[in-house]
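Peer 1: So that we are looking at the same thing, I have put the structure below in structure tokens.
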Amino acid sequence: MARSLKAFVKSVAVAALLAGTAAQAWAAYSPPAKPLAIQDISRYEALTDVSLSPDGKHIVGLVAVEGEKWPVISIWDAEDLSKRPIWIPSKTSRIQQVGFFTSDKIFFVMRQPITGYDGKPAFVDKLYSTDLEGKKIEEPFRVTGTLNKDLQDAAERGFSPDVFNNHLYDENKVLMETVDPTSYVQKIFELDTRTGKTRTVALGSEEFNFLAAGVDLKTGEPMIKAKVDTVGGEFWYQVYIKDAAGQWIYHEPLSYKVKERRDATILGYDTDPTKLIVSSNISTDKAAIYSYDIAAKAFSQEPLFANAKYDLPNVIFRYHRAEQTTTVEGVVVGGPVPMAIRTDDKWPAVQKSIEAAFPGRYVSLQINSHSRETALVTVHGADFVPQYFLYKDAKLQALGGERPWIDPATLGKAEFVTYKARDGLDIPAIVTLPPGWTPDQGPVPLIVLPHGGPWARDVMTWDGSGWTQFFATRGIAVIQPQYRGSQGWGQKLWLAGDKEWGQKMSDDNDDAAAYMASRGIADTRRMAIMGYSYGGFAAIAASVRPNSPYRCAIAGAGVASLQRLGNLWGDNHLAREIQGHTVDGMDPMKNIAKANIPIMLYHGDHDRQADTEHSRMFYAAMKGAGKDVEYHEIKGMWHQLPWTTAWHDESLKLIEDYLKSPKCGLIS
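Next comes the structure, spelled out in structure tokens:
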């Protein structure tokens, strides 16, 4: 007779228990007396969003300053870090992002609440620029006399430009884009950062989108565009490249059937501009790097770079503005922590020397684009909050850390694992163990934490939400399954999730719990599932799946109705045809009667990405059916990070209290 997963997990745990007691008695694990406090996560980072100017002479970032409501822009003189940095605060809205337009001008983005086109609360990101002293703050597309008609139309309709390509050989020019939120029509503009003047470069359509990697860096003209069209009854992603005569030529080798997703991601032009650099899985499960001859319409016979274990999603380009050429100086390997492997003469040795100074940590370099003599260094890890350094004149100078109040020694260790799903598919996962836990201390509570997306993935670096270490320091083990449908782990795993929402995708989450029990890590009496966005859907689905192995579920900003999601995905045919057709499976809204574990929902009332209506609908249906459910709506909160201190405080307190409650019992 077939057994339920719950029975299987229980039998695995009993076997582990008997094996353990036969050898020795357990010394029960005790969680840290001082776990990671909510305020350790919710307070603004001391330093974040750091970048180096193209000439290597300045550094910009966001810093938390006592007495200021929001983090302020901070600009350091990289020639002398002992000098007091220049601070540029905001009195009206929080600054979300900062970076360099040019060596002597920065940009920053501020998020402002608005009423959306559908009448619901939403927000708009406004782009600003200023000099390095903060004396001349401008909204580039609001400068009198410089706003062209297309940009004026975009501004009047409430959506603002974003950077499209900032690698033009003329460093004073930047390409920007707007995308209509209803039709998804794209418009490309050139911004002169000296004068603020703009001109329309290209107009897309509901059919075509231009590719940022396909820009002629000499002229700023988009030369590559793509569309989704029907060929022989099948949807195809089709790529067109403009030839010397100005004609758009179809390139079948760069195109693929949507349902097969044999991806060919154009990364940019090679040193020889008649060739492209492409990341593709045309002949293997894992994406490799190829050269593509535009005239011959052919890939190189062998990849330029390949890796048998992991996708290669990108390369490292070096832009030689004076010579107006581009070279490839490395490749990105998409392992548990995506790593840049450099091939130039200097920086591989430098990186190796820095890594030796920080054993067990990951080191990332941002090298200044002009002289290539200076680098911003980030040291990070799953149990190591990012720290920033300046590498200059063969010396490493400390700039600061994101959260210096968190001691890495108090955090749980992370490891990368692979487990077998019930049908034999290999599932990657990241496991975070409670600090100091050892197998001889016996099993501990477990949270299965599936990521959002679902076409996304986790990386084994510092978790910006703080959740993994928040749980680990409370004595809870965490597993982050890269369930089927996750992107970035190969074609086979990605495609395996099609039309398996709440079915095999959720089986993978339950199998992660069984795996943790089989290793003697998870106490099967105290297991929960929590997720956000698609992960929230997974938690909602878990609450209505029969014979749940979990004691409770927590769903943040989750999708509850596949029918509603499909209808909204259908607003734009490109989104519907590329991903929307894969969204099918078990609809939780149609399975309310099967709910068998308690669930807590929370959702921001300004969330338009996974609309708040999903949680409201599911809560009402569950409550009407007499099921164990509670719902909390967080005022003003939007979908994605970064969040405010208040939103972190409220959501983390809700999560902690629910895990402490008798309904969950994961925290004593």
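In numbering that gives the first Met the number 0, the protein residues as written are 0 to 667. Virtual Cβ for every residue (Gly too), placed ideally from N, Cα, C.
1. My output table needs one value for V543: the three-state DSSP class, helix, strand or coil.
2. Given a cut-off of 9 Å on the beta-carbon distance, is the pair D48 and R402 in contact?
3. Expressed to the nearest angstrom, what Euclidean distance is found between the alpha-carbon atoms of A348 and A538?
4. Cα separation between G19 and E612?
5. Confirm, please, whether the CB-CB distance from G489 to D497 is below 9 Å.
6. Relative to the C-alpha of D284, which candidate in R261, A321, P302 has its C-alpha closest?
7. Report the three-state DSSP secondary structure of V349 (helix, strand or coil).
8. CA-CA distance, K82 and S73?
9. Looking at the strands, I want to know which residues DSSP matches up with F415.
10. Let me check you understand the geometry: is the CB of L445 closer than 8 Å to at least one non-hydrogen atom of the ligand GTP?
11. Does DSSP put W500 in a helix, in a strand, or in coil?
12. How is P112 classed by DSSP in three states: helix, strand or coil?
13. Within its chain, find whatever has a CB closer than 7 Å to the CB of K659; leave out the 5 residues flanking it on each side and keep chain order.
14. Look up E612 in the DSSP assignment and say whether it is helix, strand or coil.
15. Going by alpha carbons, who is nearest to E233 out of G245, K258, D242?
16. Using 9 Å as the threshold, is the C-beta distance between A408 and W436 below it?
17. What are the partner residues of H638, as DSSP defines its beta bridges?
18. Would you say V331 and L311 are within 9 Å of each other, going by their C-beta atoms?
19. Contact check, P53 vs V71 under 8 Å by CB: the rounded distance?
20. Mapping the DSSP letters down to three states, classify D656 as helix, strand or coil.
21. Quick one: does G231 have its CB under 9 Å from some CB of chain E?
22. Where G133 and A297 are concerned, what is the direct C-alpha to C-alpha distance, given to the nearest angstrom?
23. Hey, out of S282, G267, P358, whose CA is closest to V314's CA?
24. Return yes when the Cβ of P31 is within less than 9 Å of the Cβ of V62, no when it is not.
25. Give every residue of the same chain whose Cβ lies closer than 8 Å to the Cβ of N171, excluding the five residues on either side of it in the sequence, and list them in chain order.
26. What residues are listed by DSSP as bridge partners for V458?
27. Should A22 go down as buried or exposed, given a rule of 16 or more other Cβ atoms within 10 Å for buried?
28. Measuring CB atoms only, is the segment 623–635 touching the segment 579–599, in the sense that at least three cross pairs come out at less than 8 Å?
29. DSSP three-state label for D439, please.
30. Grouping DSSP H, G and I as helix and E and B as strand, with all else coil, what is Q486?
31. Using the C-alpha atoms, what's the distance from P442 back to V277?
32. Could you check if L492 is buried or exposed, using at least 16 other CB atoms within 10 Å of its CB as the buried criterion?
33. Comparing alpha-carbon positions, which option in T273, T264, M636, A413 lies nearest L210?
34. Pick out the complete beta strand (DSSP E) segments inside the segment 353–413, 3 residues or longer, and give them in chain order.
35. Select from D506, M616, V184 the residue whose C-alpha is nearest the C-alpha of G557.
36. Considering only C-alpha positions, which residue in the set Q300, R563, A286, G664 is nearest to G579?
Peer 2: Here's the rundown:
1. helix
2. no
3. 45 Å
4. With a pLDDT of 40 at G19, under the threshold of 50, the modelled position of that residue is not reliable, and the figure given next carries that caveat. Approximately 48 Å between the Cα atoms of the pair.
5. Inclusion of D497 and G489 in the CB contact set at 9 Å is not warranted, their separation being larger than that value.
6. Here the closest residue by C-alpha is R261.
7. Looking at V349 - three-state DSSP - the assignment turns out to be helix.
8. 12 Å
9. I429
10. Absence of the ligand GTP from the depicted structure is noted, as is the absence of any ligand whatsoever, leaving it without description.
11. strand
12. Strand.
13. I666
14. Note: E612 maps to helix in three-state DSSP.
15. K258
16. No.
17. Answer by DSSP bridge pairing: none, since H638 is not bridged.
18. The Cβ atoms of V331 and L311 sit closer than 9 Å to each other.
19. Taking the Cβ atoms as the reference, P53 lies roughly 23 Å from V71, outside the contact range of under 8 Å.
20. helix
21. Although the question refers to chain E, the structure presented lacks it and comprises just one protein chain.
22. 50 Å
23. The shortest Cα separation from V314 among S282, G267, P358 belongs to G267.
24. Note that the C-beta distance between V62 and P31 is not below 9 Å.
25. T101, D191, T192, R193
26. In DSSP, V458 forms no bridge with anything.
27. At A22 the pLDDT is 38, less than 50, meaning the model places this residue with poor confidence; the figure from the coordinates comes in the next sentence. By the 16-neighbour rule on beta-carbons within 10 angstroms, A22 is exposed.
28. yes
29. helix
30. coil
31. 46 Å
32. buried
33. T264
34. Counting only runs that start and end inside the segment 353–413, the beta strand (DSSP E) elements of at least 3 residues fall at 361–366, 374–380, 383–391, 394–400.
35. M616
36. Relative to G579, the option among Q300, R563, A286, G664 whose CA is nearest is R563.
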